[in-house]
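Here the structure is laid out as structure tokens; the discussion comes afterwards.
There are 2 protein chains.
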Amino acid sequence: MATSRKDQPLRAAASPAMHLVHRPDSTGTPLHVQVYRQLREWILAGTLRAGARLPSARTLARDLGISRNTVEAAFAQLRVEGFITRRVGSGTVVATTAAEVAPFAQRPATTPDASVPTARLSRRGAVIARLGIAEMEEDRLSSVGATDVRGFPSEVWRRMLARRARDGGAGILRSGDPFGLRPLREAVADHVRLTRGAVCDASRVVIVNSTQQAIDLATRILLDPGDAAAMEEPGYPSARAALAASGATVHHIPVDADGLRVDRLRAHRTVRLAYVTPSHQYPLGMTLSLPRRLALLQWAATGERWIIEDDYDSEFRYARHPLAALQGLDRRGRVLYVGTWNKVLFTGLRLAYLILPAPLVEPFAAARRVTDGFSSPLLQAVLADFLSGGHFAAYLRQARAHYEACRDTLVAEIAARWGTAVTVGPSDTGLHLVTHLRSQADESRLARRAKGHGLVLTPLSRHYAGEPRQRGLLISYGGSNPAAIRKAIRELAPDVTRRSS
Amino acid sequence: MATSRKDQPLRAAASPAMHLVHRPDSTGTPLHVQVYRQLREWILAGTLRAGARLPSARTLARDLGISRNTVEAAFAQLRVEGFITRRVGSGTVVATTAAEVAPFAQRPATTPDASVPTARLSRRGAVIARLGIAEMEEDRLSSVGATDVRGFPSEVWRRMLARRARDGGAGILRSGDPFGLRPLREAVADHVRLTRGAVCDASRVVIVNSTQQAIDLATRILLDPGDAAAMEEPGYPSARAALAASGATVHHIPVDADGLRVDRLRAHRTVRLAYVTPSHQYPLGMTLSLPRRLALLQWAATGERWIIEDDYDSEFRYARHPLAALQGLDRRGRVLYVGTWNKVLFTGLRLAYLILPAPLVEPFAAARRVTDGFSSPLLQAVLADFLSGGHFAAYLRQARAHYEACRDTLVAEIAARWGTAVTVGPSDTGLHLVTHLRSQADESRLARRAKGHGLVLTPLSRHYAGEPRQRGLLISYGGSNPAAIRKAIRELAPDVTRRSS
């Protein structure tokens, strides 16, 4: 077929650009794909207009110095996608649909949205994005609560992982249950019954990826936008973000030495859900006293209110008698108990759990199904093996001894080096403690200075939603060791004690 | 210390129950924990009232025939939890806080919420629960889209998993990035650029757990409750559930042989987001034509609307020329492309991805951080290895051949055995096809009958939000093989062709 005048735009465009197709480009894209893409681009850009006749594959191949098969492959792709039509007699023609292309012809494909620097999000999307960006920024600045994975029996874990990956077979690859893997639910129920005094069986356990997901699901299942929720002040910033992300109005209830001021909670009569850390108040470290626990349960029982009990680190309790969970005192089915393996084992595990009042179990699994699906069956199976094989208990004994030594060193060194410039909060549980600053030392400056010293310091002020009532530092020793702690406390001493009042 | 009259309730209660503590109970709970729990239960139940004096540890131990240390341990636990006080001179006394206990005394601990058969959920929670329960029911009835994991190179996968678990070390255990693991984002970008004609680099990839999570995040970021969304009718039920769960008003837009009727979409002027399956309409199987693609992009570009392109199974395209993704035609940054590894590899993997317009990348990662966290770093690393090592491409070639043989067998057997009772929809892509029933055979009855025949049949009617326009069966062959297909089609023939018009 002879080329016609209609070919001219193609041939003109082809001459500077198409010689590139002599060799594969740097990404290894095959020649016929390059030809296809270039022709498509010209059609989309309007360089080749509807009705324009293309040269025959033979002619184009000769002009470009490539094989005819390569051009035929490109034409075939363009035809199947509707960009060109090929009819015996009239040759290869740009499809009339290309006439609709104009609106898309304004930018080259490599910068598809260069002129869209921002996107209009939904109102709630804007809230969620803002909260999440703040949280990501915080993650970048610190690694609060990260455990020292050096102590983790990774060889045992790896062996179990390999075994499940090998013979777990179809069950691990295929299925998934929004409630969680049954053997893991059993192992979790055994664990919380035995060590936390929780009242439950496996049927009330729902496996999730993280505490964050547990709170997110709870807010969506239990709160409508605008409903009121409450949490401790100061409190856990990520929980605050999750509550706010759900559209809830969040009331911040002060704490004292006995934990949450339940009397102050009562004053907010519309609150439908309270997020609390009864075993180890985050960040200040006290436990919620028995009278307060009972008052909180009574508050929830009257008026069908809900309590999220975040029991995030009570595995690391160094005193002889671990406090039982609030959940174990609940006789009215108002407590949603949240525990996580991401803290006590390792952050990258992505497995946590809820112990739920029976009527909430199915709604939570259903919400999981619709919003996300289910957690990795493989990792669930390995964790179930790890728990039921007694490896967790063994690891915990060793890890607890390690962290207790860290805690002892930290408390002793602070007393010796920082002296009267600080007072130290409760330290009998967990992987962090709070030092209240009596000196005029600058919280944020100290936190920055601590970087690279093996201790993570976070300004206490960051844990307040409102005006900070106390100045201090949250010191996380979960990723540290006694030698590093001694060194860090000594090196920070001049900054802490300087300008001490 | 002598026992007093106040001891009487305890001793009376103790006599029938406490003799049980002679031996560990069936759960292996230590004796001192049993004693602690029993005493706590009596205090919570009001059997032991505030101010009641307990016998001395020595006396109680003798009465119960257990060691004094056991009783002391139980008392210590009760004291630290605030249930009793111990003072020199006045002995061990039930704390006055127990007076607050009455509201919690009505039920034994073993049935904490027996009288709470239902819970008051939020309005959106009730919607989410209802949607999710329907989805879970559907999962139970079928396994649509499940791939045949027998073909998966699980030995290769296992080796890579073991290697990452061994030397991935702290990185795998510790960190997590809401955007996703960088090497996986790179590998995903390479994959979609090369095989799907997508326009992107790694910076626009966000890793999620599942298509479901991608849709859920998109609705929360881009829609407020009450905003209008649209999807195909018939369409993917789980996407419909995700849209509805977000509080959106969902418009169901009919499809024809060219896919979504974009003209009908335009009629709903408030729609802000459309969920579509352009490469392989779910469930009917046609592709969205080029004019429709361009019209859809134009619709989105005017009015800042969004398109979710769910490209769920185009890896399994048997025709010579795979259609490029809609995303590759988008010049205005309106398309959110969703791909999943849970279908093409295995359901239990829990890894999928979004290719996002640049301004949406950070908001999505932020939403992930607040609502869930991040995907398993270990599994992400293994998948990145699997992709960049070329194992995916090799597996896909083999899997595609297997499924093409399944498809060929299915189409041939249906033609031979079911004859004119059905017409078969497009079958050049994916792991399912639709047969439209011309006979009067009962959809649901056939679906039930097919169980145990190695083929999953789902009534087409289930994919309609409104009144079904067509009767038919969605036949999923992803978990099947040619022999099973031949047998199933033959055995179902009498039911399909019976009462044929």
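Those sequence lines, one after another, are chains A and B.
Sequential numbering of the first sequence, starting at 1, is according to my numbering.
Sequential numbering of the second sequence, starting at 1001, is according to my numbering.
Cβ coordinates follow ideal geometry from the N, Cα and C atoms, glycine included.
- Not a single C-beta of chain A is nearer than 8 Å to the C-beta of Arg1261/B.
- For Asp1372/B, the closest Cβ of chain A is nearer than 8 Å.
- With a cut-off of 8 Å on Cβ pairs, the segment 1314 to 1331 of chain B is not in contact with the segment 351 to 359 of chain A, counting fewer than three such pairs.
- Remark: three or more beta-carbon pairs, one from each stretch, lie closer than 8 Å, so the segment 1332 to 1346 of chain B and the segment 1302 to 1313 of chain B are flagged as touching.
- Contact annotation, Ser1439/B with Val1496/B: C-beta distance approximately 6 Å; criterion of less than 8 Å satisfied.
- Contact annotation, Ala1248/B with Thr1219/B: C-beta distance approximately 6 Å; criterion of less than 8 Å satisfied.
- Under a criterion of Cβ atoms nearer than 8 Å, the residues of chain B adjacent to Gln213/A are, in order, Thr1371, Asp1372 and Gly1373.
- The beta carbon of Val1255/B does not come within 8 Å of any beta carbon belonging to chain A, so the residue lies off that interface.
- Nearest Cα to Ser90/A within the set Phe392/A, Leu121/A and Ser56/A: Ser56/A.
- Of all residues in the segment 1181 to 1193 of chain B, none comes within less than 7 Å of chain A when Cβ atoms are compared.
- Nearest neighbour of Ala1488/B by Cα position, chosen from Ala1119/B, Leu1410/B, Asn1209/B and Gly1151/B, turns out to be Leu1410/B.
- The C-beta distance from Val1255/B to Leu1284/B rounds to 6 Å, short enough to fall under 8 Å.
- For Asp1311/B, the nearest beta carbon of chain A is not closer than 8 Å to its own beta carbon.
- Distances from the alpha-carbon of Leu378/A to those of Leu39/A, Asp177/A and Tyr403/A put Asp177/A closest.
- The residue from Val1370/B, Asp1408/B and Ala1230/B with its alpha-carbon nearest to that of Arg1264/B is Ala1230/B.
- Each residue's CA atom was taken as its position, placing Thr59/A and Ala52/A some 16 Å apart.
- For Val276/A, no CB of chain B lies under 8 Å from its own CB, so it is not counted at the interface with that chain.
- Note on geometry: alpha-carbon atoms of His1252/B and Pro1468/B lie some 12 Å from one another.
- Shortest Cα-Cα distance from Ile1084/B to any of Ala1050/B, Leu1064/B and Val1071/B involves Ala1050/B.
- Restricting attention to Ile414/A, Ser461/A, His432/A and Leu294/A, the CA atom closest to the CA of Tyr312/A is found in His432/A.
- For His1436/B, the beta-bridge partners assigned by DSSP are Thr1423/B and Gly1472/B.
- Taken through DSSP and simplified to helix, strand or coil, Val1411/B comes out as helix.
- Neighbours of Ala1165/B across chain A, judged by C-beta separation under 8 Å: Ser154, Trp157, Arg158, Leu161 and Ala162.
- Pairing Met1136/B with Gln1212/B, the inter-Cα distance amounts to about 13 Å.
- Asp1330/B and Gln38/A have their alpha carbons spaced roughly 16 Å apart.
- Against Ser210/A, the close residues of chain B are Asp1372 and Gly1373, in the order they occur along the chain (beta-carbon pairs closer than 8 Å).
- If you ignore the 5 residues before and after Gly1472/B, its C-beta comes within less than 6 Å of the C-beta of Val1434, Thr1435, His1436, Leu1437 and Leu1460, all in its own chain and listed in chain order.
- With contacts defined by Cβ atoms closer than 8 Å, Leu260/A and Leu296/A form a contacting pair.
- Rounded to the nearest angstrom, the gap between the Cα atoms of Thr70/A and Gln1281/B is 30 Å.
- Distance from the CA atom of Ser1122/B to the CA atom of Tyr1403/B, rounded to whole angstroms, is 44 Å.
- Glu155/A and Val205/A have their C-alpha atoms some 28 Å from each other.
- Taking a C-beta distance under 8 Å as the contact criterion, Ala1239/B and Met1286/B do not qualify as a contact pair.
- If you look at Pro1254/B, you'll find it isn't in any alpha helix (DSSP H); it sits in the beta strand (DSSP E) that goes Thr1249 to Asp1256.
- By the CB criterion at 8 Å, Arg498/A and Ala441/A fall inside the cutoff.
- Counting every other CB atom within 10 Å of its CB across the protein chains shown gives Gly1328/B a total of 16 or more, marking it as buried.
- With fewer than 16 other beta carbons inside 10 angstroms of its own, Ala416/A counts as exposed.
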